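S.K.: Please read through the structure below; I'll follow up with questions.
In the numbering used here, the protein residues as written are 1053 to 1430.
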């Protein structure tokens, strides 16, 4: 029986991933309308088995950033198509992550439009660094008709398909809109969208069903964060396990391409600690013949390799390591050194610095030979 490694190809529905290194969604806040700089950024990382784009807004109302991309107008679609075409030309695959932040948006970042949520309950904490005084989260307007927002996701999936994306991923973690419907601390509705586990999962499953109508079940994925914490997600451990067990079972019935689960992570901005929930307990609800199991959050090369070798996951999703290592998949496969010297101040906003100027391993060796030490980032 062969051992699964980073270099082992993976069948994902009709697609074959050339390796099991997945590039996570990484908000970089540089491009309301994707342009040539973003073409370069994603093309540099086309060596990944699969690229998951940064969170991409289904509506201008749904943002917590001033310069995050969307897919709700023709200019944005043109920009994304150029990215997709370039990634495909470099033998890469790319899914668009569908994003609406719901109650953790701020009206001042969306032309005075109110932030919205399943209930009129503000998230605790928050820090909008782009606004004067760095205000925290504000009380949202309760959504009257969830179907309106589900339709926004459907239209975004249709536009992604027109751009040539290989599939779409629903961002259902980090306290964003679908996650807010799941959590009984942010969802106090008394109608068919709240209360029971089944009702709280309805919003997520309706979005998935609409995306399936557009792409087919085997080109749709989802990102889940059962541990909560970030953006004030705060269910009890018992409620979290019950809710996500039901949700994963329902997603498995739909035979979607993959389910990505994130581990517990104490984010610096969190005021709610979250629960350290074992994500591997949900794997038993997933039939790997049709739905793959991806894991994410703070994996290094060694731990990720062990997870694959032990058969605990089908692929490993890497986030911050993909910022400083555009050729991360090749580095992991070849067991080359990994650049962990990241300029955090340049994570969000700006131009090419801290974005497209990190060298590949081969470029690093040439710079080291020429200068004795890499003059950019050793």
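Glycine included, every Cβ here is placed at the ideal spot set by N, Cα and C.
As the structure is a computational prediction, the values presented were derived from the model and not from experiment.
Please name the residue, chosen from 1179, 1087, 1380 and 1300, that lies closest to residue 1102 on a Cα-to-Cα basis.
M.R.: 1380
S.K.: Confirm the yes/no value for this check: CB of residue 1133, any heavy atom of the ligand MG, distance under 6 Å.
M.R.: As presented, the structure is devoid of all ligands, the ligand MG included, so that no description of it is given.
S.K.: To the nearest angstrom, how far is it from the Cα of residue 1172 to the Cα of residue 1192?
M.R.: 5 Å
S.K.: Which residue wins for smallest C-alpha separation from residue 1249, given the options 1109, 1295 and 1142?
M.R.: 1295
S.K.: Touch check for the region 1292–1311 and the region 1264–1279: three-plus C-beta pairs under 8 Å?
M.R.: Counting Cβ pairs under 8 Å, three or more are found: they touch.
S.K.: Specify the secondary structure class of residue 1415 as computed by DSSP and reduced to three states.
M.R.: helix
S.K.: Considering residue 1231, what are the terminal residues of the alpha helix (DSSP H) in which it resides?
M.R.: For residue 1231, the enclosing alpha helix (DSSP H) stretches over residues 1229–1234.
S.K.: Compute the Euclidean distance between the alpha carbons of residue 1082 and residue 1054, then round it to the nearest angstrom.
M.R.: Using only the alpha carbons, I get a separation of about 43 Å.
S.K.: Using 8 Å as the cut-off, can you tell me whether the region 1226–1240 makes contact with the region 1281–1289, which would need three or more C-beta pairs spanning the two stretches below that distance?
M.R.: yes
S.K.: Measuring CB atoms only, is the region 1352–1361 touching the region 1369–1386, in the sense that at least three cross pairs come out at less than 8 Å?
M.R.: yes
S.K.: Measuring alpha carbon to alpha carbon, tell me which of 1127, 1111, 1148 and 1214 ends up nearest residue 1167.
M.R.: It is 1111.
S.K.: If you draw a straight line from the C-alpha of residue 1203 to the C-alpha of residue 1090, how long is it?
M.R.: 27 Å
S.K.: Determine the direct distance from the alpha carbon of residue 1271 to that of residue 1264, and round the result to whole angstroms.
M.R.: 8 Å
S.K.: Relative to the alpha-carbon of residue 1072, which residue among 1327, 1066 and 1062 has its alpha-carbon at the smallest distance?
M.R.: 1062
S.K.: Report yes or no: do the region 1409–1424 and the region 1134–1151 share at least 3 C-beta pairs separated by less than 8 Å?
M.R.: no
S.K.: Please determine if the region 1301–1317 and the region 1151–1162 are in contact, where contact requires at least 3 C-beta pairs separated by less than 8 Å.
M.R.: no
S.K.: Could you pull the start and end residues of the beta strand (DSSP E) that residue 1067 belongs to?
M.R.: If you look at residue 1067, you'll find it in the beta strand (DSSP E) that goes 1067–1069.
S.K.: Can you find the residues in the same chain that come closer than 7 Å, C-beta to C-beta, to residue 1406, ignoring five residues on each side of it along the sequence?
M.R.: 1395, 1398 and 1399
S.K.: How big is the Cα-Cα spacing for residue 1228 and residue 1390?
M.R.: 31 Å
S.K.: Can you tell which of 1104, 1268 and 1184 has its C-alpha closest to the C-alpha of residue 1368?
M.R.: 1104
S.K.: Go to residue 1110, then tell me how far its alpha helix (DSSP H) extends in each direction, as first and last residue.
M.R.: Careful: residue 1110 lies outside any alpha helix (DSSP H) and carries neither H nor E.
S.K.: Answer with buried or exposed for residue 1057, where buried requires no fewer than 16 other C-beta atoms within 10 angstroms of its C-beta.
M.R.: It counts as exposed.
S.K.: What would DSSP say about residue 1064, mapped onto helix, strand or coil?
M.R.: strand
S.K.: Could you give the DSSP three-state label for residue 1140: helix, strand or coil?
M.R.: helix
S.K.: Does the separation of the CB atoms of residue 1213 and residue 1139 fall below 7 Å?
M.R.: no
S.K.: Where do the N-terminal and C-terminal ends of the beta strand (DSSP E) with residue 1221 fall, by residue?
M.R.: 1219–1224
S.K.: Does the beta-carbon of residue 1242 have 16 or more other beta-carbons within 10 angstroms, so that it is buried, or is it exposed?
M.R.: exposed
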